[in-house]
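Counting from 1, position 87 in the sequence shown corresponds to residue 87 in our numbering; the numbering is continuous, with no gaps.
Positions of the beta carbon are idealized from the N, C-alpha and C atoms, including for glycine.
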Amino acid sequence: MRIGVISDTHDQLPAEVAALFAGVDAILHAGDVCSAALLGQLAAIAPTTAVRGNNDRDLTDLPEVATVELGGHRLWLIHDLGRLLAEPASDGVACVVSGHTHRPLNARRGTILYFNPGAAGPRRGGRPRTVGLLHLHGRTLTGEIVEFAAAADG
Numbered sequence: 001m002r003i004g005v006i007s008d009t010h011d012q013l014p015a016e017v018a019a020l021f022a023g024v025d026a027i028l029h030a031g032d033v034c035s036a037a038l039l040g041q042l043a044a045i046a047p048t049t050a051v052r053g054n055n056d057r058d059l060t061d062l063p064e065v066a067t068v069e070l071g072g073h074r075l076w077l078i079h080d081l082g083r084l085l086a087e088p089a090s091d092g093v094a095c096v097v098s099g100h101t102h103r104p105l106n107a108r109r110g111t112i113l114y115f116n117p118g119a120a121g122p123r124r125g126g127r128p129r130t131v132g133l134l135h136l137h138g139r140t141l142t143g144e145i146v147e148f149a150a151a152a153d154g
């Protein structure tokens, strides 16, 4: 199973994301969507779960935290990892997906994978645009950060 992970789009979904997420089984958006229409674009690629980020004031239907079961793995989805109030291992969580920092993270702490796809939206501080892929094979869960250049970047 392959999961597309995206965050901090800030109402910009580069066309390149559709190709990067081609064939994924699901998409997780870790907040700062800034547009319900953008969620519709992602849902046209694969079933999409999203959480509310600090810039999603108008998207009040989005939860602040979501628990997702995919391929036999429990994942938590939250925008700002600093707002995580519980210990993931105590809830059987295999992966915590977050956004907010615009900096990719793919690191294991004990048995938990902490995964931040970085930002797919507007570039900040010279950082590249990135998305993530989670690969779920049986009991194994691994993450991959994918850098890409958008046509809008020139």
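- Residue pairing from DSSP places Arg109 in a beta bridge opposite Ile112.
- By the beta-carbon neighbour count (other beta carbons within 10 angstroms, threshold 16), Thr48 is buried.
- The C-alpha of Ala89 is placed about 23 angstroms away from the C-alpha of Ile6.
- Taking each of Leu39, Ala94, Arg127 in turn and checking the Cα distance to His102, the smallest one comes out for Arg127.
- Looking at Glu16, Arg2, Val93, Asp25, the one whose alpha-carbon comes closest to that of Thr130 is Glu16.
- Secondary structure at Arg83: helix, using DSSP grouped into helix, strand and coil.
- A Cβ-Cβ contact shorter than 7 angstroms links Ile3 with Leu134.
- Under the three-state reduction of DSSP, Gly126 is assigned to coil, being neither helix nor strand.
- Restricted to the stretch 2 to 66, the alpha helix (DSSP H) segments that are unbroken, complete and at least 4 residues in length are 16 to 20, 36 to 43, listed in chain order.
- Secondary structure note for His100: it is in no beta strand (DSSP E), with a DSSP letter that is neither H nor E.
- Following the DSSP letters along the chain, one finds Val146 inside the beta strand (DSSP E) bounded by residues 140 to 148.
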